[in-house]
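Enquirer: Can you read through this structure? Questions will come right after.
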Amino acid sequence: MQRRTLLRTTAGICGAAACSSMAGCTGLTWVPNTVESGRIVFDSAGFGEQRCIGIDNRRLASPIVVCRLDDGSLSAVSAVCTHKQCELRESAGRLECPCHGSEFALTGEVLSKPARTDLKRYSVVELDGRVMVGG
Numbered sequence: 000m001q002r003r004t005l006l007r008t009t010a011g012i013c014g015a016a017a018c019s020s021m022a023g024c025t026g027l028t029w030v031p032n033t034v035e036s037g038r039i040v041f042d043s044a045g046f047g048e049q050r051c052i053g054i055d056n057r058r059l060a061s062p063i064v065v066c067r068l069d070d071g072s073l074s075a076v077s078a079v080c081t082h083k084q085c086e087l088r089e090s091a092g093r094l095e096c097p098c099h100g101s102e103f104a105l106t107g108e109v110l111s112k113p114a115r116t117d118l119k120r121y122s123v124v125e126l127d128g129r130v131m132v133g134g
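Residue numbers for the sequence shown follow numbering that gives the first Met the number 0, so the first one is 0 and each next one is one higher.
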């Protein structure tokens, strides 16, 4: 089993337990993507009704979460908590760590500890129904 698969499975189990008592807590929907000119690209329809989606690609050091902000713009940040590297979940307009309770703004800033370091940010643009991250 690859490390990412193990982390995602473990975080999913922990997250399910943590989310069972928290209204609005949802795991990320993972969307298919490709690499074009050094950028990760996916169809913006992948958001569906979700505010945040996850993207993973073997070219990435770690998964990324892309969120649509209140003003319609997009934010792309690491989907892995800076405290103990658990996979984050979107909940009530924040990214939460199901392992130890750290919270981050959708733009990556730490809102509550134990995490002390903001999430890594990525450039993101939306053009003609496609979202491009990185590059």
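Here a beta-carbon is modelled for each residue, glycine too, at the ideal position from N, C-alpha and C. All values derive from a computational prediction rather than experimental measurement.
Enumerate in chain order the residues of its own chain whose CB-to-CB distance from residue 128 is below 8 Å, with the five nearest sequence positions on each side excluded.
Expert: Answer for residue 128: 42, 43, 44, listed in chain order.
Enquirer: Check whether the segment 29-39 touches the segment 77-87, taking contact to mean three or more Cβ pairs, one atom from each stretch, closer than 8 Å.
Expert: Because the criterion of three Cβ pairs below 8 Å is not met, the segment 29-39 and the segment 77-87 do not touch.
Enquirer: Let me confirm a value: residue 114 is counted as buried when at least 16 other C-beta atoms fall within 10 Å, else exposed. Which label applies?
Expert: Per the 10 Å Cβ criterion, buried.
Enquirer: Can you give me the start and stop residues for the beta strand (DSSP E) that residue 35 sits inside?
Expert: Here the beta strand (DSSP E) through residue 35 covers 33-35.
Enquirer: Going by alpha carbons, who is nearest to residue 119 out of 126, 125, 132?
Expert: Taking only the C-alpha atoms, the option nearest residue 119 is 132.
Enquirer: Given a cut-off of 7 Å on the beta-carbon distance, is the pair residue 125 and residue 59 in contact?
Expert: Taking 7 Å as the Cβ cut-off, residue 125 and residue 59 do not qualify as a contacting pair.
Enquirer: Under the three-state reduction of DSSP, which class applies to residue 75: helix, strand or coil?
Expert: In the structure shown, residue 75 sits in a strand (DSSP, three-state: E or B).
Enquirer: The ligand MG and residue 96: does any heavy atom of the ligand fall closer than 6 Å to the residue's C-beta?
Expert: The model depicted lacks the ligand MG and carries no ligand whatsoever.
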